[in-house]
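Numbering (the numbering used here), first residue to last: 224 to 750.
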């Protein structure tokens, strides 16, 4: 008998139950597992997109989920207390009502809205999945109110991410639910604590009044000069960019106010030639006084006074004013106490000549001449002040120059006084614009945009991550908002103003409830 006829060879190996090893279900499963192609890991973008309909399905299942949660609680309490009858009744109700099913999710999967192959497979993906589902559920809950949908969704996003991060770190569903439900309430408490810190106004009463007066004309400041701590939006905009933007805006306002202070339209481009022409026109009442002065001396109607024999009071006044202006300019360039004393003495000399002019106008018996002299006196003084603060090359008014003049006793009035007081109180926002770099997106912003975009794409595993490249471009919109009238006006408002996000209590409660529910949904789906 050859080996071909060996009954042992001919006999097929048997397993218990008379089955061949080829029919063994364990072997079949191993063969199928080896033959099945490996499941592709979805990208972060695919997981995020798939989380949206999942969140909507879980939201629709909210009544069943909450009912199931309540009944589970009753069941556990009954089991611990020994009330087996109640426990068995609750179990029967849950099974009979099929409360463990999520019918909306089943329908979403059968219709293709939810793709199970896109379910998260890594820790970061599960965190993103939970965060998005929590955000959708929180946004749709009515607890927070329609007006606070975005805030509630943001809290849901944060609490969902916190819950799943806890699950990834500890493996505990219970702890994840507790952390997720506590996070919105903790965020609200933290926001209120920061807001209380944000009520700390740094200004004294005098500085507050100065800023209020300046705000009426449109002047702006860096918020950090007024209140602390720094707001989030100011951080996004960048303190340096805000400071540069404030200087640029304030320069335009100062130029307009200076033109307005001497009776010119706001958009007038100031120049030495224009100011000289305006001064010549302003001096007409003084010329009229000189003519009357000459007539009254000849007729003997004018009482004697020290300048009785002067050829022209107007010329003496102009000469004295020019000398005083030159001394003040010299002092501004190089502060020296002796120059300051000489400038003040020159001002006093100019003032004495002006008193003689006013005396002649009054003696003339022409009330309207006296009034015109008074008006010309004020206007001429303001033109001189503008002339001293004018940058001849740029045509800009120097806010620091006016601040120094006022600080040293120069009697500024009207708009020029407002500019000077503001520049003294907030020098960083009133710097000489010619010495400040222009604001705008810098080269480092462009480099940072590229870095963030590539990093975002790499981290997310999706081209959608390139959106991170736009983050530096938020600086300009944020800067414009910080320097807007609305934002600036609220810097000195009542303490209810918040630099941080105002989080309604209802939104926090809604996000807390829906995050706990989402954790439960995901726990049941994984079991």
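Each residue gets a CB set at the ideal place from its N, CA and C atoms; glycine is no exception. Predicted, not measured: the structure shown is a model, and the values here were computed from it.
- Look at the beta carbons and you see the stretch 346 to 356 touching the stretch 264 to 280: at least three pairs across the two are nearer than 8 Å.
- Per the C-alpha coordinates, the member of 508, 509 and 531 positioned closest to residue 519 is 531.
- A direct Cα-to-Cα measurement between residue 576 and residue 586 gives close to 15 Å.
- Residue 450 sits in a strand when the DSSP states are folded into three classes.
- Residue 626 places its beta carbon less than 9 Å from that of residue 647.
- In the DSSP assignment, residue 423 is bridged to 451.
- In this structure, the beta-carbon distance from residue 715 to residue 426 falls below 9 Å.
- By the neighbour-count criterion, in which a residue is buried when 16 or more other Cβ atoms sit within 10 angstroms of its Cβ, residue 649 is buried.
- Counted as a single uninterrupted DSSP element, the alpha helix (DSSP H) harbouring residue 472 occupies residues 462 to 484.
- Membership of residue 391 in the alpha helix (DSSP H) is indicated by the continuous run 372 to 393.
- Annotated three-state conformation of residue 706 is coil, per DSSP.
- Per DSSP, residue 583 is one residue of the alpha helix (DSSP H) stretching across 560 to 586.
- The beta carbon of residue 495 sits closer than 8 Å to those of 610, 613 and 615, all from its chain and outside the five residues before and after it, given in chain order.
- For residue 620, DSSP records a beta bridge to 613.
- In the three-state reduction of the DSSP assignment, residue 714 falls in the helix class, which pools H, G and I.
- Assignment of residue 310 by DSSP, reduced to helix, strand and coil, places it in the helix class.
- In the displayed model, residue 268 falls within a helix according to three-state DSSP.
- Taking C-beta atoms as the reference points, residue 332 and residue 338 count as a pair closer than 9 Å.
- 406 is the residue among 297, 406, 710 and 375 whose C-alpha sits nearest the C-alpha of residue 384.
- Taken through DSSP and simplified to helix, strand or coil, residue 491 comes out as coil.
- Spatial neighbours of residue 470 in its own chain (CB-CB distance under 8 Å, excluding positions within 5 residues in sequence) are listed in chain order as 652, 653, 654, 656 and 659.
- By the Cβ rule, the stretch 588 to 598 does not count as touching the stretch 470 to 487, because fewer than three pairs are nearer than 8 Å.
- With fewer than 16 other Cβ atoms from the protein chains shown falling within 10 Å of its own Cβ, residue 708 counts as exposed.
- Secondary structure of residue 430 (DSSP, three-state): helix.
- Scanning the stretch 493 to 546 for uninterrupted beta strand (DSSP E) segments of 3 residues or longer gives nothing; none is fully contained.
- Two segments are said to touch when three or more pairs of C-beta atoms, one from each, lie closer than 8 Å; by this definition the stretch 487 to 506 does not touch the stretch 559 to 570.
- Collapsing the DSSP output to three states places residue 600 in a helix.
- Apart from sequence neighbours up to five positions away, the residues of its chain that approach residue 546 with a beta-carbon distance below 7 Å are 569, ordered along the chain.
- Of the candidates 618, 712, 327 and 514, the residue whose Cα lies closest to the Cα of residue 536 is 514.
- Assignment of residue 398 by DSSP, reduced to helix, strand and coil, places it in the helix class.
- A direct Cα-Cα distance of roughly 21 Å separates residue 458 from residue 442.
- Secondary structure note for residue 642: its alpha helix (DSSP H) is the uninterrupted segment 637 to 648.
- Non-local C-beta neighbours of residue 467 in its own chain, meaning closer than 8 Å and more than five positions away in sequence, comprise 659, 660, 661 and 662, ordered along the chain.
- Taking a 10 Å sphere around the C-beta of residue 315, we find fewer than 16 other C-beta atoms and assign the residue as exposed.
- If the five residues before and after residue 705 are omitted, its C-beta is found closer than 7 Å to the C-beta atoms of 446, 456, 457, 460 and 465, all from its own chain and listed in chain order.
- By the Cβ neighbour-count rule, residue 439 is exposed, with fewer than 16 other Cβ atoms within 10 Å of its own.
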